[in-house]
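Counting with our numbering, you get residues 15 to 218 for the letters of the sequence shown. Cβ coordinates follow ideal geometry from the N, Cα and C atoms, glycine included. Single-structure report; data block below.
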Amino acid sequence: MSVLPLVFTSGWASGVNAYAVVLLLGVFGATGLSDDVPETLQRPEVLVVAGVLFLCEAVADKIPYVDSAWDSVHTVVRPVAGAWVGALLAGQSGSLNDVVAGLVGGSTALASHTVKAGTRMAVNASPEPFSNIVLSLAEDLGVGAVVTFAMFHPEAAAIIAGVLLLAGLLMLFFLISRIRRFRRRRAQRREEKRLAARMGRPPG
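So this is what it looks like as structure tokens:
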């Protein structure tokens with residue numbers, strides 16, 4: 015069986031929460047629930063690092079503006095993680111070229127990361143923090159559910175991931191105006207901080 019559906023699903027999930035993907039796959043492999051997980055992802059040090067970073071993301075992802083800063087840092091991390099996991103899965107399976115799997119995983123992760131980061135910018139245009147918490151919890155639960163489902167039904171999970179990715183891209187198109195508002199507000203805050211810093215300086 016081709017590993018492509020699992021590569022696609024893990025790529026989509028990595029764009030949302032790469033550390034959760036590495037942690038979940040590693041746990042499935044280490045506990046013997048799946049033979050498709052490479053040994054690299056099952057190593058204790060990998061699981062520990064992924065677990066710690068997952069906890070950090072779980073906190074940062076629920077704080078307005080901090081979540082967008084976190085997303086900015088992970089613009090490179092998530093696609094690289096998606097490509098890395100995809101290449102490892104292909105190497106374990108032997109049914110797909112590693113480079114092709116890396117490209118599929120990385121590009122899918124980049125697309126879903128763009129949806130996640132853009133959606134957060136739109137949400138941060140609103141002052142209340144509750145929508146950030148609800149959205150973050152939904153993302154965490156969604157990644158966990160889809161990746162778990164993919165271990166037993168990879169083709170069906172890939173279809174679900176594809177639908178979610180397409181729906182996210184369409185939603186992002188309609189949220190462009192809110193994203194622009196978020197960027198204007200962020201630029202205004204930076205300008206206010208600069209003015210405050212200048213006002214606070216003693217005369218030279």
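In this structure, Ser48 lies away from Val161, with their beta-carbon atoms at least 8 Å apart.
Contact annotation: Leu61 and Ala44 have beta-carbon atoms nearer than 8 Å. The Cβ atoms of Leu124 and Gly29 sit closer than 8 Å to each other.
For His167, the secondary structure class from DSSP, reduced to helix, strand or coil, is coil. With a cutoff of 8 Å on beta-carbon distance, Asn146 and Ile190 are scored as not near each other. Ser24 carries a helical assignment under DSSP once its states are collapsed to helix, strand and coil.
Three or more Cβ pairs drawn from the region 116–130 and the region 93–102 lie within less than 8 Å of each other, which places the two stretches in contact.
A distance below 8 Å separates the beta carbons of Asp75 and Ser150. Ranking Pro19, Val80, Gly105 by CA distance to the CA of Leu55 puts Gly105 first. According to the DSSP assignment, Gly46 belongs to no alpha helix (DSSP H), since it is labelled neither H nor E. For Ser107, the enclosing alpha helix (DSSP H) begins and ends at 80–107. The Cβ atoms of Leu110 and Val21 lie closer than 8 Å to each other.
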